[in-house]
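Working notes, beginning with the structure itself.
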Amino acid sequence: MKREINTDMARSRPAELATVIAIISAVVLMLLIFVGSRGMRDFDSALIGYAVATLFAVVALTYRYALWISRPPTWRYFRAGWANFFSWRNFRNYTLLIPKAWWTDIFGQTFILKRGLRRWITHMCIFWGVLLSLAITLPLTFGWLHFTLLPNSQYQLWFFGIPLLIFPISSVIGFAIFHGLDFTALLLMVGLLLALWRRITDAGQLAIQRFGFDLLPLVMLVAISVTGLALTASSSWWGGRFYWFLSLTHQAVVVVWLLSLPFGKFFHIIERPASIGVSLYQTVNQDMEHYDIRPQTGRCRRCGQELPSEQFVQDLQAVLGDLGQHYDLGGDRGALQEYCPTCKRVLRGEAYYQLMGKRFL
(Lines of atoms letter the chains of each structure in order from A and count residues from 1; the text may use other names and numbers.)
(Lines give C-alpha, C1' and ligand atoms only; values in the text may rest on other atoms or scores of the structure.)
Protein backbone atom coordinates (compact mmCIF):
# COMPACT_ATOMS: atom_id res chain seq x y z
CA MET A 1 0.00 0.00 0.00
CA LYS A 2 2.77 2.42 0.93
CA ARG A 3 4.56 1.69 -2.35
CA GLU A 4 1.35 2.41 -4.30
CA ILE A 5 0.95 5.74 -2.51
CA ASN A 6 4.54 6.72 -3.28
CA THR A 7 4.01 5.77 -6.93
CA ASP A 8 0.85 7.89 -7.13
CA MET A 9 2.69 10.84 -5.58
CA ALA A 10 5.56 10.45 -8.03
CA ARG A 11 3.11 10.46 -10.93
CA SER A 12 1.22 13.49 -9.63
CA ARG A 13 4.30 15.69 -9.25
CA PRO A 14 4.96 16.13 -13.01
CA ALA A 15 1.26 16.94 -13.54
CA GLU A 16 1.32 19.54 -10.76
CA LEU A 17 4.50 21.11 -12.12
CA ALA A 18 3.05 21.12 -15.65
CA THR A 19 -0.09 22.84 -14.34
CA VAL A 20 1.97 25.56 -12.66
CA ILE A 21 4.05 26.13 -15.81
CA ALA A 22 0.88 26.28 -17.95
CA ILE A 23 -0.69 28.87 -15.62
CA ILE A 24 2.51 30.96 -15.72
CA SER A 25 2.52 30.81 -19.53
CA ALA A 26 -1.10 32.06 -19.58
CA VAL A 27 -0.29 34.96 -17.26
CA VAL A 28 2.79 35.91 -19.31
CA LEU A 29 0.80 35.84 -22.55
CA MET A 30 -1.98 38.00 -21.08
CA LEU A 31 0.60 40.52 -19.83
CA LEU A 32 2.21 40.62 -23.27
CA ILE A 33 -1.19 41.20 -24.87
CA PHE A 34 -1.92 44.03 -22.44
CA VAL A 35 1.48 45.67 -22.90
CA GLY A 36 1.74 45.07 -26.64
CA SER A 37 -1.72 46.49 -27.32
CA ARG A 38 -0.98 49.59 -25.19
CA GLY A 39 -3.42 48.78 -22.46
CA MET A 40 -5.89 47.14 -24.90
CA ARG A 41 -6.23 50.37 -26.91
CA ASP A 42 -4.97 48.63 -30.05
CA PHE A 43 -6.83 45.38 -29.38
CA ASP A 44 -9.54 44.61 -31.95
CA SER A 45 -12.58 43.27 -30.10
CA ALA A 46 -13.73 41.53 -33.30
CA LEU A 47 -10.76 39.18 -32.92
CA ILE A 48 -11.43 38.23 -29.31
CA GLY A 49 -12.48 34.71 -30.32
CA TYR A 50 -9.07 34.09 -31.88
CA ALA A 51 -7.33 35.53 -28.83
CA VAL A 52 -9.22 33.40 -26.30
CA ALA A 53 -8.73 30.24 -28.37
CA THR A 54 -5.01 31.00 -28.71
CA LEU A 55 -4.73 31.51 -24.95
CA PHE A 56 -6.35 28.14 -24.25
CA ALA A 57 -4.16 26.49 -26.92
CA VAL A 58 -1.01 27.95 -25.36
CA VAL A 59 -2.01 26.69 -21.91
CA ALA A 60 -2.78 23.19 -23.21
CA LEU A 61 0.37 23.07 -25.35
CA THR A 62 2.53 24.17 -22.43
CA TYR A 63 0.91 21.64 -20.11
CA ARG A 64 1.35 18.74 -22.52
CA TYR A 65 4.89 19.77 -23.47
CA ALA A 66 5.89 20.00 -19.80
CA LEU A 67 4.48 16.52 -19.19
CA TRP A 68 6.31 15.19 -22.24
CA ILE A 69 9.60 16.73 -21.12
CA SER A 70 9.18 15.28 -17.62
CA ARG A 71 9.14 11.68 -18.89
CA PRO A 72 12.41 9.95 -17.90
CA PRO A 73 13.75 9.29 -21.43
CA THR A 74 12.80 12.74 -22.75
CA TRP A 75 14.11 14.53 -19.69
CA ARG A 76 17.54 12.88 -19.92
CA TYR A 77 17.87 13.78 -23.59
CA PHE A 78 16.58 17.29 -22.88
CA ARG A 79 18.95 17.87 -19.96
CA ALA A 80 21.95 16.35 -21.75
CA GLY A 81 21.18 18.37 -24.88
CA TRP A 82 21.23 21.66 -22.99
CA ALA A 83 24.35 20.63 -21.06
CA ASN A 84 26.13 19.91 -24.36
CA PHE A 85 24.81 23.17 -25.82
CA PHE A 86 26.27 25.31 -23.03
CA SER A 87 29.58 23.45 -23.05
CA TRP A 88 32.41 25.71 -24.24
CA ARG A 89 34.34 22.70 -25.57
CA ASN A 90 31.35 21.62 -27.64
CA PHE A 91 30.81 25.17 -28.88
CA ARG A 92 34.37 25.29 -30.18
CA ASN A 93 34.23 21.84 -31.77
CA TYR A 94 30.65 21.96 -33.09
CA THR A 95 30.11 25.65 -33.84
CA LEU A 96 28.15 25.00 -37.03
CA LEU A 97 26.27 21.94 -35.77
CA ILE A 98 23.32 23.81 -34.24
CA PRO A 99 22.71 26.14 -37.26
CA LYS A 100 23.01 23.12 -39.56
CA ALA A 101 20.59 21.11 -37.41
CA TRP A 102 18.08 23.98 -37.43
CA TRP A 103 18.18 23.90 -41.23
CA THR A 104 18.15 20.11 -41.76
CA ASP A 105 15.63 19.29 -38.98
CA ILE A 106 13.37 22.38 -38.85
CA PHE A 107 13.50 25.05 -41.54
CA GLY A 108 14.77 23.04 -44.51
CA GLN A 109 13.64 19.58 -43.36
CA THR A 110 16.15 18.00 -45.73
CA PHE A 111 15.75 14.64 -43.98
CA ILE A 112 12.34 14.38 -45.70
CA LEU A 113 13.95 15.01 -49.10
CA LYS A 114 15.53 11.56 -48.80
CA ARG A 115 12.02 10.08 -48.87
CA GLY A 116 11.08 11.83 -52.11
CA LEU A 117 10.92 15.29 -53.68
CA ARG A 118 7.12 15.48 -53.64
CA ARG A 119 6.92 14.60 -49.95
CA TRP A 120 9.51 17.27 -49.19
CA ILE A 121 7.56 19.91 -51.16
CA THR A 122 4.39 18.85 -49.35
CA HIS A 123 5.96 19.21 -45.90
CA MET A 124 7.64 22.50 -46.73
CA CYS A 125 4.45 24.07 -48.10
CA ILE A 126 2.41 23.01 -45.06
CA PHE A 127 5.12 23.92 -42.55
CA TRP A 128 5.85 27.37 -43.95
CA GLY A 129 2.21 28.03 -44.79
CA VAL A 130 1.16 27.40 -41.19
CA LEU A 131 4.17 29.14 -39.66
CA LEU A 132 3.91 32.31 -41.76
CA SER A 133 0.14 32.46 -41.29
CA LEU A 134 0.57 32.32 -37.51
CA ALA A 135 3.37 34.90 -37.68
CA ILE A 136 0.89 37.32 -39.28
CA THR A 137 -2.32 36.34 -37.50
CA LEU A 138 -1.14 36.19 -33.88
CA PRO A 139 0.38 39.71 -33.70
CA LEU A 140 -2.79 41.10 -35.32
CA THR A 141 -4.99 39.13 -32.90
CA PHE A 142 -3.09 40.29 -29.80
CA GLY A 143 -3.03 43.93 -30.87
CA TRP A 144 0.75 43.92 -31.23
CA LEU A 145 0.46 44.80 -34.91
CA HIS A 146 -1.97 47.35 -36.28
CA PHE A 147 -2.35 50.05 -38.92
CA THR A 148 -3.57 53.64 -38.83
CA LEU A 149 -4.73 55.72 -41.79
CA LEU A 150 -2.74 58.86 -42.57
CA PRO A 151 -3.43 61.72 -45.01
CA ASN A 152 -2.63 61.27 -48.72
CA SER A 153 -3.82 57.63 -48.72
CA GLN A 154 -1.01 56.29 -46.59
CA TYR A 155 -0.87 53.78 -43.75
CA GLN A 156 1.25 53.76 -40.61
CA LEU A 157 2.42 50.35 -39.37
CA TRP A 158 2.73 49.96 -35.57
CA PHE A 159 4.29 47.12 -33.58
CA PHE A 160 4.05 47.03 -29.77
CA GLY A 161 3.06 50.69 -29.91
CA ILE A 162 6.20 51.62 -31.87
CA PRO A 163 5.76 53.25 -35.32
CA LEU A 164 7.73 51.27 -37.88
CA LEU A 165 6.73 52.02 -41.46
CA ILE A 166 4.67 54.42 -43.56
CA PHE A 167 3.60 53.20 -46.98
CA PRO A 168 1.08 54.18 -49.68
CA ILE A 169 -2.05 52.05 -49.77
CA SER A 170 -1.71 51.38 -53.51
CA SER A 171 2.01 50.55 -53.42
CA VAL A 172 3.56 47.11 -53.93
CA ILE A 173 4.50 47.05 -50.23
CA GLY A 174 0.91 47.84 -49.27
CA PHE A 175 -0.46 45.12 -51.54
CA ALA A 176 2.03 42.56 -50.18
CA ILE A 177 1.26 43.45 -46.54
CA PHE A 178 -2.53 43.39 -46.85
CA HIS A 179 -2.52 40.17 -48.89
CA GLY A 180 0.13 38.37 -46.84
CA LEU A 181 -2.39 35.86 -45.48
CA ASP A 182 -3.63 35.18 -49.02
CA PHE A 183 -0.11 34.28 -50.12
CA THR A 184 0.40 31.96 -47.14
CA ALA A 185 -3.04 30.37 -47.75
CA LEU A 186 -2.10 29.61 -51.36
CA LEU A 187 1.22 28.14 -50.25
CA LEU A 188 -0.60 26.05 -47.65
CA MET A 189 -3.16 24.85 -50.20
CA VAL A 190 -0.42 23.47 -52.46
CA GLY A 191 0.93 21.33 -49.62
CA LEU A 192 -2.54 20.29 -48.44
CA LEU A 193 -3.67 19.15 -51.89
CA LEU A 194 -0.48 17.12 -52.33
CA ALA A 195 -0.91 15.59 -48.86
CA LEU A 196 -4.58 14.73 -49.41
CA TRP A 197 -3.83 13.22 -52.82
CA ARG A 198 -1.23 10.96 -51.22
CA ARG A 199 -3.61 10.06 -48.40
CA ILE A 200 -6.37 8.92 -50.79
CA THR A 201 -4.19 7.17 -53.42
CA ASP A 202 -1.33 5.55 -51.48
CA ALA A 203 -2.28 1.99 -50.49
CA GLY A 204 0.06 2.02 -47.50
CA GLN A 205 -1.50 5.20 -46.13
CA LEU A 206 -5.04 3.95 -46.72
CA ALA A 207 -4.28 0.86 -44.65
CA ILE A 208 -2.98 2.60 -41.53
CA GLN A 209 -4.34 6.16 -41.46
CA ARG A 210 -7.03 7.32 -39.06
CA PHE A 211 -9.56 9.95 -40.07
CA GLY A 212 -9.52 11.89 -36.78
CA PHE A 213 -5.74 11.93 -36.44
CA ASP A 214 -4.42 11.97 -40.03
CA LEU A 215 -7.14 13.44 -42.27
CA LEU A 216 -9.20 15.77 -40.08
CA PRO A 217 -6.30 18.21 -39.37
CA LEU A 218 -5.68 18.51 -43.12
CA VAL A 219 -9.39 19.04 -43.81
CA MET A 220 -9.54 21.80 -41.17
CA LEU A 221 -6.53 23.55 -42.71
CA VAL A 222 -8.19 23.34 -46.12
CA ALA A 223 -11.33 24.91 -44.64
CA ILE A 224 -9.26 27.69 -43.03
CA SER A 225 -7.45 28.43 -46.30
CA VAL A 226 -10.59 28.37 -48.46
CA THR A 227 -12.66 30.56 -46.14
CA GLY A 228 -9.75 32.96 -45.72
CA LEU A 229 -9.35 33.34 -49.48
CA ALA A 230 -13.13 33.71 -49.78
CA LEU A 231 -13.02 36.67 -47.37
CA THR A 232 -10.60 38.43 -49.72
CA ALA A 233 -12.79 37.56 -52.71
CA SER A 234 -15.86 38.91 -50.91
CA SER A 235 -14.26 42.24 -50.03
CA SER A 236 -12.45 42.69 -53.38
CA TRP A 237 -14.80 41.25 -56.01
CA TRP A 238 -18.20 40.40 -54.50
CA GLY A 239 -18.99 43.79 -52.96
CA GLY A 240 -18.97 42.43 -49.42
CA ARG A 241 -21.62 39.76 -50.05
CA PHE A 242 -21.47 36.75 -47.68
CA TYR A 243 -18.67 38.47 -45.70
CA TRP A 244 -20.35 38.09 -42.30
CA PHE A 245 -21.08 34.39 -42.85
CA LEU A 246 -17.59 33.71 -44.22
CA SER A 247 -15.88 35.56 -41.38
CA LEU A 248 -17.91 33.68 -38.76
CA THR A 249 -17.21 30.33 -40.44
CA HIS A 250 -13.51 31.15 -40.78
CA GLN A 251 -13.24 32.15 -37.12
CA ALA A 252 -15.07 29.01 -35.94
CA VAL A 253 -12.79 26.69 -37.94
CA VAL A 254 -9.63 28.51 -36.78
CA VAL A 255 -10.76 28.32 -33.14
CA VAL A 256 -11.44 24.57 -33.42
CA TRP A 257 -8.05 24.03 -35.09
CA LEU A 258 -6.23 26.01 -32.38
CA LEU A 259 -7.98 24.07 -29.63
CA SER A 260 -7.08 20.77 -31.33
CA LEU A 261 -3.36 21.57 -31.61
CA PRO A 262 -2.30 20.12 -28.23
CA PHE A 263 -4.18 16.87 -28.82
CA GLY A 264 -3.67 16.10 -32.51
CA LYS A 265 -1.17 15.43 -35.22
CA PHE A 266 0.30 18.92 -35.31
CA PHE A 267 1.65 18.71 -31.76
CA HIS A 268 4.78 17.23 -33.34
CA ILE A 269 5.53 20.75 -34.64
CA ILE A 270 5.98 21.80 -31.01
CA GLU A 271 8.04 18.70 -30.21
CA ARG A 272 10.29 18.90 -33.27
CA PRO A 273 12.74 21.60 -32.03
CA ALA A 274 13.79 19.20 -29.27
CA SER A 275 15.42 17.10 -32.01
CA ILE A 276 18.14 19.77 -32.18
CA GLY A 277 19.30 18.77 -28.71
CA VAL A 278 19.14 15.09 -29.69
CA SER A 279 21.30 15.75 -32.76
CA LEU A 280 23.89 17.53 -30.61
CA TYR A 281 23.75 14.74 -28.01
CA GLN A 282 24.27 12.02 -30.62
CA THR A 283 27.06 13.84 -32.45
CA VAL A 284 28.98 14.65 -29.28
CA ASN A 285 28.63 11.08 -28.02
CA GLN A 286 29.71 9.54 -31.32
CA ASP A 287 32.98 11.40 -31.03
CA MET A 288 33.59 10.35 -27.43
CA GLU A 289 35.57 7.31 -26.36
CA HIS A 290 33.44 4.17 -26.66
CA TYR A 291 32.06 2.51 -23.58
CA ASP A 292 34.42 -0.07 -22.04
CA ILE A 293 32.64 -3.26 -21.02
CA ARG A 294 35.54 -5.58 -21.61
CA PRO A 295 38.83 -4.05 -20.47
CA GLN A 296 40.26 -1.68 -23.09
CA THR A 297 37.79 -2.81 -25.79
CA GLY A 298 34.39 -1.07 -25.46
CA ARG A 299 32.77 -3.85 -27.44
CA CYS A 300 29.82 -6.22 -27.26
CA ARG A 301 30.25 -9.04 -24.74
CA ARG A 302 29.33 -11.65 -27.35
CA CYS A 303 30.56 -10.58 -30.80
CA GLY A 304 32.99 -7.76 -30.03
CA GLN A 305 31.17 -5.09 -32.07
CA GLU A 306 31.73 -1.54 -30.86
CA LEU A 307 29.01 -0.11 -28.66
CA PRO A 308 27.80 3.51 -28.32
CA SER A 309 29.48 5.95 -25.96
CA GLU A 310 29.64 5.55 -22.21
CA GLN A 311 27.21 8.39 -21.61
CA PHE A 312 24.63 6.86 -23.97
CA VAL A 313 24.78 3.43 -22.30
CA GLN A 314 24.70 4.93 -18.81
CA ASP A 315 21.73 7.13 -19.72
CA LEU A 316 19.92 4.13 -21.18
CA GLN A 317 20.48 2.08 -18.04
CA ALA A 318 19.41 5.02 -15.86
CA VAL A 319 16.19 5.52 -17.85
CA LEU A 320 15.33 1.83 -17.57
CA GLY A 321 15.99 2.07 -13.83
CA ASP A 322 13.65 5.07 -13.59
CA LEU A 323 10.97 3.06 -15.35
CA GLY A 324 11.49 0.08 -13.05
CA GLN A 325 12.84 -2.13 -15.84
CA HIS A 326 15.93 -4.18 -15.07
CA TYR A 327 17.58 -6.52 -17.57
CA ASP A 328 20.26 -8.28 -15.55
CA LEU A 329 20.96 -11.59 -17.29
CA GLY A 330 22.44 -13.16 -14.18
CA GLY A 331 25.76 -14.81 -13.51
CA ASP A 332 28.67 -13.38 -15.43
CA ARG A 333 26.58 -12.48 -18.47
CA GLY A 334 26.06 -8.89 -17.33
CA ALA A 335 23.14 -6.71 -18.44
CA LEU A 336 21.27 -6.78 -21.74
CA GLN A 337 22.52 -3.26 -22.53
CA GLU A 338 26.06 -4.64 -22.76
CA TYR A 339 25.22 -6.43 -26.03
CA CYS A 340 24.80 -5.09 -29.55
CA PRO A 341 21.32 -5.20 -31.19
CA THR A 342 22.13 -8.32 -33.22
CA CYS A 343 23.33 -10.26 -30.20
CA LYS A 344 20.26 -9.17 -28.23
CA ARG A 345 18.08 -10.85 -30.84
CA VAL A 346 20.28 -13.97 -30.71
CA LEU A 347 20.01 -14.11 -26.91
CA ARG A 348 16.25 -13.72 -27.13
CA GLY A 349 16.04 -16.53 -29.67
CA GLU A 350 18.18 -18.82 -27.52
CA ALA A 351 16.01 -18.09 -24.51
CA TYR A 352 12.84 -18.91 -26.47
CA TYR A 353 14.40 -22.16 -27.70
CA GLN A 354 15.42 -23.20 -24.18
CA LEU A 355 11.89 -22.50 -22.99
CA MET A 356 9.93 -24.14 -25.80
CA GLY A 357 12.38 -26.66 -27.25
CA LYS A 358 11.42 -28.07 -30.63
CA ARG A 359 8.08 -26.27 -30.54
CA PHE A 360 9.96 -22.99 -31.08
CA LEU A 361 10.98 -24.23 -34.55
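When the letters of the sequence shown are read in order and numbered with the UniProt record's numbering, they come out as residues 1 to 361.
Note that CB positions come from ideal geometry on N, CA and C, so glycine has one too.
Here's a check: name, in chain order, each residue in its chain whose Cβ is nearer than 8 Å to the Cβ of residue i, leaving out the five neighbours to either side.
i, result
"I276", "G81, I98, A101, W102, D105, I106"
"R333", "R301"
"W75", "I69"
"R272", "D105, I106"
"M220", "V253, V256, W257, S260"
Tell whether a beta-carbon distance below 8 Å holds between residue i and residue j.
i, j, result
"G143", "G36", "yes"
"L150", "W158", "no"
"L218", "L231", "no"
"S225", "A195", "no"
"V222", "A53", "no"
"I126", "L216", "no"
"Y243", "S236", "no"
"A274", "F86", "no"
"F267", "R64", "yes"
"T148", "G191", "no"
Pull up the CB-CB distance for residue i and residue j, whole angstroms please, since I reckon it's below 8 Å.
i, j, result
"L329", "L336", "6 Å"
"F56", "L259", "6 Å"
"Q251", "G49", "5 Å"
"A51", "I33", "7 Å"
Cutting at 7 Å between CB atoms, please list the residues of its own chain near residue i, excluding the five before and the five after it.
i, result
"K344", "L336"
"I21", "T62, A66"
"P168", "S153, Q154, G174"
"Y339", "C300, R301, R302, L347"
"L229", "D182, A185"
So who's on the other strand from residue i, going by DSSP bridges?
i, result
"T148", "Q156"
"A328", "The residue you asked about is not Ala; residue 328 is Asp in the sequence shown. In DSSP, D328 forms a bridge with A335."
"R272", "For R272, which the question treats as bridged, DSSP gives no partner whatsoever."
"E306", "R299"
"P14", "Answer is none; P14 lacks a bridge partner."
"I166", "Q156"
Apart from the five residues just before and just after residue i, which ones in its own chain have a Cβ nearer than 6 Å to its Cβ?
i, result
"T137", "none"
"L113", "W120"
"A18", "Y63, A66, L67"
"T227", "L246, T249, H250"
"residue 363", "As shown, the chain starts at 1 and ends at 361. That puts residue 363 outside it, with no answer to give."
Would you mind working out which of the options sits nearest residue i, comparing C-alpha positions?
i, options, result
"I24", "G39, A60, M220", "A60"
"R41", "P262, T141, A26", "T141"
"A46", "M220, L248, L261", "L248"
"K265", "R272, D182, F213, L29", "F213"
"W257", "V58, A26, H146", "V58"
"T269", "A83, R13, W128", "According to the sequence shown, residue 269 is Ile rather than Thr. Nearest of A83, R13, W128 to I269, Cα basis: W128."
Please decide whether residue i counts as near chain B, where near means a Cβ-Cβ distance under 8 Å.
i, result
"A223", "You won't find chain B in this structure, because it holds only one protein chain."
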